[in-house]
Structure formats: C-alpha cells, structure tokens
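Each remark here refers to the structure printed beneath this line.
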Amino acid sequence: MDKLKKYRQRAILLGISAVLIFLLGFTNTGRLSLHVLDRFLLDVTQPVQTGLARIGQGLGQGASTLVHLPKLYRENKALEKEVAALADENRKLNQIIGQTDYLRAASEVKKSTDYKLVEARVIGKDPSNYFSNFEINRGKKDGIKKDATVLLGVDDPQGIIAQGLVGRVVDVGDNWAKVTAIINENQSVAFKNIRNQEGGILAGKSGDLLWGYSYDDAADIVPGDRLISSGVGDLYKGDVYLGTVDKVKRDEEKMIQEISLKPAVNFKKIYQVFVVVD
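Right, dumping it as structure tokens:
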C-alpha cells in the first residue's frame, strides 16, 4: 500500500510537470509568433508613418511661411527703400566730390578776375563726345550778348588757378545762349606765348588738341610753353589761358612752324561756365 501510494504521488507530479512544460512551450511559441507579426506590421506601416510625418512637417512649415509672408513682404520693401536711399546718397556724394575741383577753381576765378562774370549751367550739347557746341541757361536778361567770351576756372601746370578759354556765344535768347567752343573746327583764336610773347593762330581740329602755327616760322616755341589768348581781332578777351604746347614741327615747304596745343579745359566735362558780360 505504501509503495502504491508512493508511485501514485510520483505519477501525479510527472503529470503536473508535463502540463507545465506543455503550457510553457505554447506560450513561447505564441510570443515568437507575435514578434513576427509585429515586425511585419512595422515593415508595412513604417513608410506610411514616415510619409505622413513629412507631410505634416511640410504643412506646418508651409502654414508658418504663409503666416509670415506679409511680414517678409514689408521687410523686403523696407530694405528696397533703404538701398535706394543709400544709392541716391552715394550719387550725391560722388557729385559733390566730382564738383570739388570746379567749385574751388570757380571761387578763385571770381576773386581774381577783372571781368564781370555771369555764371551759367550747361543745359544741352551736340551729340558728340566733346562740348564743341552747347547751350547754357542764361541769356539777354542776364546781360549776355552775342560774341561774349566764355571761360572756366582751370589749373595751369604751375598749380595756379587760371581763367581757361572755353569759347564764345554765337546766339542768344532771353533765357538761353548757344556757345561754340575753341575746339570747333570753324573757330580760331590768336595766341601769345607767356614765356616770350611769341604769337600765332590756333584752330580746332580734334577734341583732344588744338592745331595752328606761329607768325614767325623761326619763333621760339617749345613743348611745355603756356599759351594765352592775345586779344587780337577782338573775338576773344585777351590773357585767357589756352593750354600747353604739345608738339612743334617746322614745315619747310610751307615755311611755317606748326604747333599742337593741349587745351587747359577738359572739353569732355563741362557743366558750368562763366560768361564775360562787361
């Protein structure tokens, strides 16, 4: 009896153990199946979730941009106005800098001249690169007459401000006048050499130089000599600075001494002039 009881207890324990082992195996197998299913679902849903996340992020950024568009537009307009204002200020400063030499020379001319002068501004010119013919904003009402001498303050080679000869008035109205410059090929001016008073005639030939000859074919005129108007013929006022001699060449056949002169006035840049009115 004792032995049967002992065997029965062992059988019950073995049965319980078998059941537990079976249950444990089933549970593990279920868990493994769940892991496989989870991974499958993740593989399927991951791209969709990523795409939705990106769309959501893009929509959020787009909405943020739309909200800030009016502010960005106002800031852009403000920057455009600021840039335009700075550009305008820069142009004005450059204009002041560009006119500094002229203003200084004009001031010196006003203080040193013996002539009565009317200051005039250029309001028009011919189509060429040079101011060989141009119009000014002063006329009869300002005392300007036909054939009046037109001049400008210039620096001579010695650093002295001089009255540089520009040309003469060829036509005049109440509030305007037309000026023909000495570089015009139809104009001529009598000169004399400051160094020794040797004289001659110069005429316009190109925008950069005046060409002419001396009265004496053996005159003592050399490159670097400074020439002024002589006043001969009463076409221009006398003693107005013309420029410096560039080249001298003797023409044996014509028995003359040819001269080229670099004008004191820059005929590419003339903005304001003085007209002699006395």
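To get our numbering, take the position in the sequence shown, counting from 1, and add 1194. Where is the CB? At the ideal position from N, CA and C, for every residue including glycine. If you're wondering where the values come from, they're calculated on a predicted model, not measured in any experiment.
Limits of the beta strand (DSSP E) - the one that residue i falls within
i, result
"P1452", "The residue you asked about is not Pro; residue 1452 is Glu in the sequence shown. E1452 -> beta strand (DSSP E) spans I1450 to P1457."
"R1315", "L1311 to K1319"
"Q1381", "Where Q1381 is concerned, there is no enclosing beta strand (DSSP E), given that its DSSP letter is neither H nor E."
"Q1466", "Q1466 to V1470"
"E1329", "N1327 to I1330"
"D1365", "I1355 to V1366"
"G1333", "Here G1333 belongs to no beta strand (DSSP E), and DSSP marks it neither H nor E."
"T1374", "A1371 to A1375"
Paired residues, beta bridge with residue i - DSSP
i, result
"K1339", "DSSP output for K1339 lists no bridge partner at all."
"Y1267", "Per DSSP, none; premise fails for Y1267."
"N1387", "L1421"
"D1349", "I1355"
"L1396", "V1383 and G1406"
"V1344", "G1361 and V1469"
Residue i burial status per 10 Å Cβ neighbour count (16 or more: buried)
i, result
"L1346", "buried"
"N1387", "buried"
"R1362", "buried"
"V1277", "exposed"
"Y1465", "exposed"
"N1460", "exposed"
"G1432", "exposed"
"P1457", "buried"
"S1322", "exposed"
"V1360", "buried"
"A1272", "exposed"
"E1274", "exposed"
"V1416", "exposed"
Proximal residues to residue i (C-beta, below 8 Å), its chain only, five neighbours per side dropped
i, result
"D1320", "S1326, N1327 and F1328"
"W1370", "I1317, E1329, I1330, N1331, R1332 and G1333"
"N1288", "Here the model assigns N1288 a pLDDT of 46, short of 50, so the residue's position is not dependable and the matter cannot be decided."
"L1235", "Confidence at L1235 is low in this model, with a pLDDT of 48, below 50, so its placement is unreliable and no value can be given for it."
"E1379", "A1397, G1398 and K1399"
"Y1324", "A1375, I1377, G1401, F1461 and K1462"
Own chain, CB closer than 6 Å to residue i, minus 5 neighbours either side, in chain order
i, result
"Y1430", "T1343, V1383 and S1423"
"N1390", "D1414"
"K1310", "V1471 and D1472"
"K1340", "V1363 and V1366"
"D1419", "N1387, R1389 and V1439"
"K1372", "E1329, V1364 and D1365"
"I1450", "Y1407 and D1411"
"R1315", "N1331 and Q1466"
"E1452", "Y1407, K1443 and D1445"
Residue i: CB within 7 Å of a non-hydrogen atom of the ligand FMN
i, result
"S1454", "With respect to the ligand FMN, the structure shown offers nothing to examine, as it has no ligands at all."
Residues near residue i in its chain [Cβ-Cβ closer than 7 Å; skip 5 each side]
i, result
"G1337", "V1312 and V1471"
"V1426", "A1384"
"L1266", "none"
"L1403", "D1440, S1454, L1455 and K1456"
Ignoring anything shorter than 3 residues or poking outside the segment 1402-1462, list the beta strand (DSSP E) runs there in chain order. Annotation: the segment 1402-1462 contains the following complete segments of the beta strand (DSSP E) (minimum length 3 residues), in chain order: 1404-1408, 1420-1423, 1435-1445 and 1450-1457.
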